[in-house]
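Structure, as structure tokens:
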Amino acid sequence: MNKGLLSVDEALETLLAGAKPVKEVEQVPTMAAANRVLAQAQTSTMDVPPMDNSAMDGYAVRLADVSSIQKLRISQRIPAGSVGKPLEAGTAARIFTGAPVPAGADAIVMQEHCSVSGDFVVINKTPEKGEWIRLTASDIRRGGVVLTAGKRLLPQDIGLAASVGIKALPVFRKVRLGLFFTGDELVMPGDPLPPGRIYNSNRFTLNGLAAAFGGEVRDYGIVPDKLGATREVLRRAAAENDIIVTSGGVSVGDEDHVKPAVEAEGSLLMWKISMKPGRPLAFGRVGNAAFIGLPGNPVSSFVTFLIFVRPFLLKTQGQMGTAPRAIEARADFDWPAPDARREFLRVKWNAQGGLELYPTQDSAVLTSTAWADGLLDNPAGRAIRKGERVRFLPYAELFR
Ligand code: AMP
Ligand code: MG
404 MNKGLLSVDE ALETLLAGAK PVKEVEQVPT MAAANRVLAQ AQTSTMDVPP
454 MDNSAMDGYA VRLADVSSIQ KLRISQRIPA GSVGKPLEAG TAARIFTGAP
504 VPAGADAIVM QEHCSVSGDF VVINKTPEKG EWIRLTASDI RRGGVVLTAG
554 KRLLPQDIGL AASVGIKALP VFRKVRLGLF FTGDELVMPG DPLPPGRIYN
604 SNRFTLNGLA AAFGGEVRDY GIVPDKLGAT REVLRRAAAE NDIIVTSGGV
654 SVGDEDHVKP AVEAEGSLLM WKISMKPGRP LAFGRVGNAA FIGLPGNPVS
704 SFVTFLIFVR PFLLKTQGQM GTAPRAIEAR ADFDWPAPDA RREFLRVKWN
754 AQGGLELYPT QDSAVLTSTA WADGLLDNPA GRAIRKGERV RFLPYAELFR
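Per our numbering: the sequence shown = residues 404 to 803.
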């Protein structure tokens with residue numbers, strides 16, 4: 404650890420200790436609940452499947468019959484959605500996938516193993532007992548938990564809720580997240596770019612990230628590098644949001660007004676974090692809102708959002724378990740001169756299943772983040788030799 408620098412884990416611990424999960428719960432139609440966080444566990448009031456049913460198109464038979472007679476009269480037809488009669492001894496029922504198995508039948512013969520002539524079916528392969536029958540409650544038992552509280556709902560989760568007849572779900576209200584961007588150099592795409600100016604790319608990256616994690620975004624746009632203007636937008640954002648996230652202006656240069664503005668309107672901890680990219684980070688409160696000030700460099704704000712704002716936002720949103728799952732992977736490159744800080748390197752899978760490194764790791768080079776498949780989490784001071792195992796945080800996990 405560098406002297407005077409806070410470790411990522413220490414910063415994260417302090418940050419998360421200050422994240423207060425929202426309490427308000429709202430009922431939303433199950434169809435609209437994807438990407439929301441479930442507030443109460445859901446149990447099933449029914450068995451799934453609710454009845455024994457066929458897993459195949461074919462013929463329902465009694466095993467006792469099939470072992471003696473191979474040719475059976477087709478006594479009924481049971482399409483999905485209808486209920487047949489008990490199966491007459493010595494006969495077969497034509498049956499389709501999802502249709503209830505008639506009483507008395509104890510196996511389904513798939514149609515590929517049958518030949519039909521007129522009203523009769525010849526069974527060419529004797530089935531096992533219970534073959535191709537999906538048993539009642541084999542998926543879900545009445546009273547069983549189908550979804551746990553604190554889970555961010557994926558499309559398959561709302562499908563699962565619907566499969567047991569749940570038409571509305573209790574979810575936490577969305578977290579309101581205010582964003583603003585400091586820097587007199589910033590210009591919006593579509594406006595002319597005078598000499599010395601740059602486009603406000605962070606506005607796009609951070610809006611997208613906040614929305615990806617279910618935040619209800621309020622965007623206050625570009626704020627001039629002036630103390631008064633910064634204080635004013637802070638006050639407004641604090642009244643309208645649960646969390647305020649800003650980009651830029653958290654260094655201690657003359658043009659960096661975020662620190663004095665937050666100190667004047669609330670309270671602030673300024674951190675120098677032992678990480679690369681993203682050394683400066685500000686954390687505080689303004690009124691009832693939490694404040695997180697990210698560095699302005701585009702790669703730094705992207706990475707610090709994923710490492711710090713993501714878990715903070717998810718915890719505030721009521722989600723359980725916010726740590727991204729890392730996987731072990733092989734580095735197919737040398738990293739001979741590591742930094743004294745923990746590094747989040749932009750890397751990508753290659754065709755051999757190893758990781759390649761983006762050639763420049765400069766925190767202003769946003770291309771690296773778009774090129775990458777995730778971040779290699781390299782401990783402070785660790786040199787990497789080609790072929791070694793490393794800790795990889797795929798975007799698929801960071802965006803989960
Ligand atoms: P700062 O943290 O304000 O000192 O900014 C660090 C670097 O990031 C400077 O090169 C800024 O021009 C750049 N930067 C700051 N804000 C943005 C932004 N919203 N979009 C793109 N680059 C930015
Ligand atoms: Mg600036």
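Each residue gets a CB set at the ideal place from its N, CA and C atoms; glycine is no exception. Keep in mind that this is a model prediction, so the values were computed, not measured.
Residue side-chain check: G651 places its Cβ nearer than 8 Å to a non-hydrogen atom of the ligand MG.
Annotated three-state conformation of E759 is strand, per DSSP. Straight through space, the alpha carbons of L778 and V578 are spaced by roughly 26 Å. For P598, same chain residues with a beta-carbon under 7 Å away, outside a window of 5 residues either side, do not exist. DSSP links R792 through a beta bridge to R733. Restricted to the segment 576-625, the alpha helix (DSSP H) segments that are unbroken, complete and at least 4 residues in length are 604-615, listed in chain order. Contact check for G501 and N456: beta-carbon distance about 6 Å, within the 8 Å limit, so the pair qualifies. A distance below 9 Å separates the beta carbons of R639 and Y623.
Between the segment 641-652 and the segment 566-580, the count of Cβ pairs shorter than 8 Å is three or higher; the stretches touch. A straight line joining the alpha-carbon of L760 with that of L409 spans about 26 Å.
In the DSSP assignment, S650 forms a beta bridge with F584, L697. The three-state secondary structure of L778, taken from DSSP, is strand.
Annotation for G699 indicates a beta carbon within 8 Å of some heavy atom of the ligand MG.
Positions of the beta strand (DSSP E) runs, each at least 3 residues long and wholly inside the segment 523-554, are given as 523-526, 548-550 in order along the chain. In terms of Cβ geometry, N438 and R621 do not form a close pair [threshold 9 Å].
Here DSSP, grouped into helix, strand and coil, assigns L716 to helix. At a cut-off of 8 Å, the beta-carbon of R606 counts as near the ligand AMP: some heavy atom of the ligand is closer than that.
Taking 8 Å as the cut-off, the C-beta of I647 does not count as close to any heavy atom of the ligand AMP. If you draw a straight line from the Cα of G721 to the Cα of E658, it is about 37 Å long.
Within the same chain, S457, A458, M459, G461, Y462, A463, V464, I498, V504, P530, E534, W535, I536 come within 8 Å of I511 by CB-CB distance, once the 5 residues on both sides are set aside.
Residue range 411-420 is occupied by the alpha helix (DSSP H) that includes T417. Taking a 10 Å sphere around the C-beta of M454, we find fewer than 16 other C-beta atoms and assign the residue as exposed. A Cβ-Cβ separation of about 11 Å leaves K679 out of contact with D780 under the 8 Å criterion.
Here the C-alpha atom of E800 lies approximately 20 Å from the C-alpha atom of L441. Taking the C-beta atoms as reference points, T494 is found nearer than 9 Å to S478.
DSSP places L637 within a helical segment (H, G or I) once states are collapsed to three.
Taking 8 Å as the cut-off, the C-beta of L637 does not count as close to any heavy atom of the ligand AMP. S766 sits in coil when the DSSP states are folded into three classes, being neither helix nor strand.
For P683, the three-state secondary structure derived from DSSP is strand. For E427, no beta strand (DSSP E) encloses it, and the DSSP letter there is neither H nor E. In the structure shown, the three-state DSSP call for M678 is strand. For R788 and F736, the gap between their C-alpha atoms comes out near 7 Å. If you draw a 10 Å sphere on the C-beta of K423, you find fewer than 16 other C-beta atoms in it, and that means exposed. With contacts defined by Cβ atoms closer than 9 Å, T608 and P701 form a contacting pair.
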